[in-house]
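**Q** First residue of the sequence shown: 1, per full-length UniProt numbering; consecutive thereafter. My questions will all concern the structure given below.
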Amino acid sequence: MLGFLVSKFKACRSELRKETRKVEEDSKEVLAEYVRIGEETCKELRLLPHLENLPYGGQHSSGNSDLAKVDIWGEVKDHLVILIHGGFWQESTRKIISPAAKHLLKRNMAVASVGYDYASSTHSISDVVQQLVIAVKYLLSKYPQAKLVSLAGHSAGAHLAFKVFTQLRSPRIQKLILFAGVYKLDDLPNCEIGTLIGLTPEEAMKNSCNASELLGANVRILMLVAVKDSPKIVEQNRAMGEALKNEGVAVEYQEFPECDHFNLIHGLRIEEEDHTKKFLSFLQSDN
1 MLGFLVSKFK ACRSELRKET RKVEEDSKEV LAEYVRIGEE TCKELRLLPH LENLPYGGQH
61 SSGNSDLAKV DIWGEVKDHL VILIHGGFWQ ESTRKIISPA AKHLLKRNMA VASVGYDYAS
121 STHSISDVVQ QLVIAVKYLL SKYPQAKLVS LAGHSAGAHL AFKVFTQLRS PRIQKLILFA
181 GVYKLDDLPN CEIGTLIGLT PEEAMKNSCN ASELLGANVR ILMLVAVKDS PKIVEQNRAM
241 GEALKNEGVA VEYQEFPECD HFNLIHGLRI EEEDHTKKFL SFLQSDN
């Protein structure tokens, strides 16, 4: 599974699939470390108030899925941060993104880490988006005391957070944090990622993110980008950041030279990291 996710993490180009065995082994180690840190962070968070594995249901869930559940870290008060994990719509879990929660709880922000059924030929990306709309509605209803809600996602999770916000546009969701997002899906139907989830050109077009979808939205956006990420992902993020600015959307865009696709998330457990400081200051700011 680990090597498989690494191959999908790379851009869908044949030359990038011709990596040497040494590079593949190094990549496996990087991903294994990412998973290990996520699991260890969950163990730390379990020492604090929490609720795990809450089902949120809905017609777009398989009903008995262990994936379509949410974990609540901390006591929910005025500010709830909702996290959506990545994994190219078909792997990873809500536990892996837990490092993002560590320093939020110290600042009286609670975190909801949301899982979802993976995309497949019978469960499209559109279905995944609708499932997450249901999940966010569930959280908004369950925690009315959270007057401020921030929605965050990593990689494919950033894509999903973007699409969920555009559908809900809840006035309570005032901040959107996008880590290393994948926004344009046009190239995916004819490559490995798209084939595995049955992504059609029509679905790819429908689910690509466009800056114009956020026109007039009362939301502040933070985009965090790892310079050591796939060039294709960096390119997409730069283009989206510029497009949002051109639409007059309130967006802050920042690149981090020492970060890669994975430590952009697991590095959030380290308070002194530049991207952790940016993440925390954005969530704590009033305007």
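Glycine included, each C-beta is placed from N, C-alpha and C at the ideal position.
1) Quick check on the burial criterion: 16 or more other C-beta atoms within 10 angstroms. Buried or exposed for Thr93?
2) Any contact between the stretch 32-42 and the stretch 94-102? By contact I mean 3 or more CB pairs, one from each, below 8 Å.
3) Going by C-alpha to C-alpha distance, which of Arg107, His85, Tyr118 sits closest to Lys77?
4) Is the distance from the Cβ of Leu222 to the Cβ of Lys175 below 9 Å?
5) Taking just the CA atoms, how far does Leu224 sit from Gln254?
6) Does DSSP put Phe179 in a helix, in a strand, or in coil?
7) Using a threshold of 9 Å, state whether the C-beta atoms of Val251 and Gly267 are closer than that.
8) For the beta strand (DSSP E) containing Gly153, name the first residue and the last one.
9) Give the secondary structure of Met223 by DSSP, where H, G and I count as helix, E and B as strand, and everything else as coil.
10) Should Leu47 go down as buried or exposed, given a rule of 16 or more other Cβ atoms within 10 Å for buried?
11) Answer yes or no: do Val136 and Leu151 have a C-beta to C-beta separation smaller than 9 Å?
12) Beta-carbon of Asp229 versus every beta-carbon of chain C: anything under 9 Å?
**A** Reading off the structure:
1) buried
2) yes
3) Arg107
4) yes
5) 5 Å
6) strand
7) no
8) 148-154
9) strand
10) exposed
11) yes
12) No chain C is present in this structure, which holds just one protein chain.
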